[in-house]
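1 is the number of the first residue of the sequence shown in my numbering; add one for each residue after it. Each residue gets a CB set at the ideal place from its N, CA and C atoms; glycine is no exception.
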Amino acid sequence: MEIANTPIVDTVPTSKPVITQSAPITPTATATQIVIPTKIPQKSITQNNKVSSTEGDSESVVDIISRLGEALDSGYSHHSTLKMNMTISFDDYLEEMPLLMEGDVQNSRNYKGVTSFEDNNQIQMIEMIVFDQETFAKYPDTKYWIQFPEDQTPVNPISIIEFLKKNFVEGTLVGTEKSGGASSQHVTWELDSKRLGELLPVLGDSTGILQLDIWVESDSSQIGRLLINGLAIGGPRVKGPDGQEVTIKVDIEMSSWDFGKLVELAKPDLPGTPETMIWDMAPKITLEEGRDYFATIEIFEGGEIKIDLLEELAPVTVNNFVFLSEQGYYDWVTFHRVIPDFMAQGGDPSGTGRGGPGYYIDNEFHPDARHDSAGVVSMANAGLLPDGQGTNGSQFFITFIKTPTLDGINPDGTLKDCSQGSCHSVFGRVIEGMNVLGSIFPRDPETANLPGDVIETIKIKSVPK
């Protein structure tokens with residue numbers, strides 16, 4: 001059981017409640033043949049919204065879509081905004097999920113911009129990049145980019161463009177209108193809500209007809225504006241808590257302008273993946289007599305934390321930390337548990353708090369090595385084994401405050417009964433980089449949706465005393 005404000009290492013898997021749902025139904029996106037609609041008079045809308053007929057123009061939907069397809073295939077750069085609001089309702093319940101994206105599209109294929117959404121009544125902003133069909137995001141207060149799994153890519157201007165390319169169907173030519181100051185061909189058609197499920201999974205097995213409108217600029221064949229609106233009934237996987245039928249209102253608007261602008265972007269740098277390393281026994285002592293040992297924790301995209309290792313007060317623990325660091329064990333490992341006003345815990349390649357190097361080392365206490373200030377470096381553990389052996393492995397923590405309750409020695413200098421209290425081996429002190437330590441992103445591994453700050457590597461240096 002986890003005790004509050006205790007750096008722990010889980011030794012057995014722990015069960016926790018999870019939300020389960022049936023496997024999602026993924027609609028297959030198939031290209032549908034374009035059908036020539038019945039010829040209707042074209043129309044243009046003036047500034048006072050009056051409609052006038054322009055039957056002299058004979059261009060059909062097929063011609064317009066053909067021009068648009070060629071433009072999208074060749075690619076063009078522009079600025080884009082995407083506004084989306086999904087409204088979920090049943091009985092007296094109603095929830096709106098507004099989202100706004102704004103950024104630059106590069107050659108109809110890559111994108112960089114900012115996504116704004118509301119979370120707990122606060123506006124949050126996420127940076128986003130779509131590059132070569134891979135999607136990356138940088139969340140508020142995080143130091144690095146993460147990549148979305150392929151099946152969890154959020155809707156964005158590029159996915160809208162790709163959706164359009166695969167779903168041009170029979171439509172109606174409304175007419176020639178002014179959109180964003182440019183003469184545009186307005187085309188509208190009906191869209192089965194299930195098809196939109198490839199962008200919005202909540203609609204994957206829904207029932208409903210949505211209206212899709214696009215305005216294709218007459219001169220450039222580029223999309224100046226897009227609207228998707230309508231109502232759908234949620235499928236079997238989308239029900240109220242008591243099985244109520246759920247209504248989903250869809251409201252999507254995408255606008256584009258500044259065509260041909262120069263857009264420069266690149267794939268963001270990502271942290272590496274930690275390598276799994278397991279040993280049968282703890283390392284032999286290899287520390288050299290007469291040398292003072294230091295460690296530098298390099299945080300990916302986040303600065304350095306320099307530590308004076310206490311090789312004289314905790315030689316076994318320091319030797320273990322030096323060995324693991326020099327083996328690259330800590331490379332790309334996260335700070336998986338970070339509690340403000342307490343400590344930052346890392347050193348587990350699995351990122352769960354249950355991992356380790358395959359062996360244990362015993363506790364190591366000294367009256368001059370206590371949790372008596374911020375910046376104390378100490379070992380996390382899972383208490384004592386039945387035979388009294390310690391459970392220290394690879395996980396360590398750095399304190400944000402003085403935490404004397406974690407000492408293995410009582411105030412009077414006697415050893416604490418570690419079977420009845422929390423005991424942790426102090427083996428270092430931060431000598432530089434407390435500001436970097438303070439910037440480590442808070443994280444509870446039981447509830448976090450994002451990985452913690454990443455250790456790029458830990459470098460060891462020794463100098464003559």
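Per DSSP, which one or two residues make a beta bridge with residue i?
| i | result |
| --- | --- |
| Pro98 | Asn85 |
| Asp242 | Beta-bridge pairing links Asp242 to no other residue. |
| Phe300 | Phe300 is not bridged to any residue. |
| Leu231 | Lys249 |
| His186 | Gly175 and Trp215 |
| Pro464 | Arg291 |
| Tyr93 | Phe90 |
| Lys138 | Glu127 |
| Phe396 | Gly346 and Met379 |
| Gln467 | What is shown of the chain runs 1 to 465, which leaves residue 467 out entirely. |
| Val333 | Ile455 |
| Leu210 | Leu191 and Gly230 |
| Arg443 | Val338 |
| Trp145 | None; Trp145 has no bridge partner. |
| Met254 | Leu82 and Leu226 |
| Leu309 | Gly428 |
| Val105 | His78 and Tyr111 |
| Ala369 | His366 |
| Ile285 | Answer by DSSP bridge pairing: none, since Ile285 is not bridged. |
| Leu384 | Gly390 |
| Leu415 | Ile409 |
Determine the direct distance from the alpha carbon of residue j to that of residue i, and round the result to whole angstroms.
| i | j | result |
| --- | --- | --- |
| Arg195 | Lys178 | 29 angstroms |
| Gly375 | Asp341 | 12 angstroms |
| Pro357 | Thr296 | 21 angstroms |
| Trp257 | Glu264 | 17 angstroms |
| Phe441 | Leu287 | 33 angstroms |
| Leu437 | Pro157 | 37 angstroms |
| Thr32 | Leu262 | Because Thr32 sits at a pLDDT of 30, beneath the cut-off of 50, its placement in the model cannot be relied upon, and the following sentence gives the value as read from the coordinates. Thr32 and Leu262: Cα-Cα distance of roughly 33 angstroms. |
| Val377 | Ser108 | 50 angstroms |
| Thr11 | Glu432 | Low confidence applies here, because Thr11 scores a pLDDT of 48, under 50, leaving its location unreliable and the question unanswered by this model. |
| Ile65 | Gln124 | 37 angstroms |
| Leu200 | Ile409 | 57 angstroms |
| Ser373 | Pro386 | 32 angstroms |
| Asp308 | Asp362 | 21 angstroms |
| His186 | Ser77 | 21 angstroms |
| Asp141 | Val338 | 14 angstroms |
| Phe321 | Gly347 | 10 angstroms |
| Glu55 | Phe117 | Confidence is the limiting factor: at Glu55 the pLDDT is only 40, short of 50, which leaves the residue's position unreliable, though a coordinate-based value still follows. Distance between the alpha carbons of Glu55 and Phe117: 44 angstroms. |
| Lys306 | Val430 | 6 angstroms |
| Trp215 | Gly175 | 10 angstroms |
| Met343 | His336 | 11 angstroms |
| Leu231 | Pro451 | 36 angstroms |
| Phe259 | Met434 | 47 angstroms |
I need the boundaries of the beta strand (DSSP E) containing residue i, first residue and last residue.
| i | result |
| --- | --- |
| Met128 | Gln122 to Phe131 |
| Pro349 | No beta strand (DSSP E) holds Pro349; DSSP gives it neither H nor E. |
| Arg429 | Val426 to Glu432 |
Out of the options, which one is the CA nearest neighbour of residue i?
| i | options | result |
| --- | --- | --- |
| Lys166 | Gly69, Asp258 and Leu231 | Gly69 |
| Phe131 | Leu72, Ile431, Ala266 and Gln395 | Ala266 |
| Tyr293 | Asn110, Ala137 and Lys461 | Lys461 |
| Lys402 | Ser394, Val426, Asp412 and Asn381 | Val426 |
| Glu301 | Asp269, Asn320, Thr273 and Ile307 | Asp269 |
| Phe163 | Gly303, Glu289 and Gly197 | Gly197 |
| Ile146 | Pro349, Asp453 and Ser193 | Asp453 |
| Asp63 | Phe168, Glu95 and Gln106 | Phe168 |
| Asp151 | Gly75, Gln133 and Trp332 | Gln133 |
| Thr399 | Leu450, Thr391, Gly388 and Ser439 | Ser439 |
| Gly388 | Ala182, Cys418 and Tyr144 | Cys418 |
| Leu72 | Ser220, Gly351 and Ser184 | Ser220 |
| Pro349 | Tyr359, Leu384 and Ser394 | Ser394 |
| Glu311 | Gly328, Arg291, Glu304 and Gln327 | Arg291 |
| Ile285 | Pro315, Met277 and Tyr139 | Pro315 |
| Asp368 | Asn392, Pro411, Phe335 and Glu456 | Pro411 |
| Glu102 | Arg67, Gln244 and Met254 | Met254 |
| Arg354 | Glu446, Gly272 and Val318 | Glu446 |
Tell me, to the nearest whole angstrom, how far the beta carbon of residue i is from that of residue j; I am working on the premise that it is less than 8 angstroms.
| i | j | result |
| --- | --- | --- |
| Leu191 | Leu210 | 5 angstroms |
| Lys112 | Asp119 | That belief does not hold up - the Cβ atoms of Lys112 and Asp119 are roughly 22 angstroms apart, past 8 angstroms. |
| Phe365 | Met379 | Going by Cβ atoms, the distance from Phe365 to Met379 rounds to 11 angstroms, so no, they are not a contact pair. |
| Ser60 | Leu173 | 7 angstroms |
| Ile160 | Leu82 | 7 angstroms |
| Asp205 | Pro241 | 19 angstroms between Cβ atoms; not a contact. |
| Thr87 | Leu99 | Incorrect: roughly 12 angstroms between the Cβ atoms, too far for contact. |
| Lys459 | Glu298 | 7 angstroms |
| Arg443 | Pro404 | Not a contact, Cβ separation roughly 25 angstroms. |
| Leu212 | Ile223 | Wrong, their Cβ atoms sit about 12 angstroms apart, outside the cutoff. |
Span of the alpha helix (DSSP H) holding residue i?
| i | result |
| --- | --- |
| Glu118 | Careful: Glu118 lies outside any alpha helix (DSSP H), inside the beta strand (DSSP E) at Asn110 to Asp119. |
| Val318 | Pro315 to Glu326 |
| Phe163 | Pro157 to Lys166 |
| Asp73 | Val61 to Ser74 |
Can you find a CB in chain D that lies within less than 9 angstroms of the CB of residue i?
| i | result |
| --- | --- |
| Ser378 | The structure shown contains no chain D; it holds only a single protein chain. |
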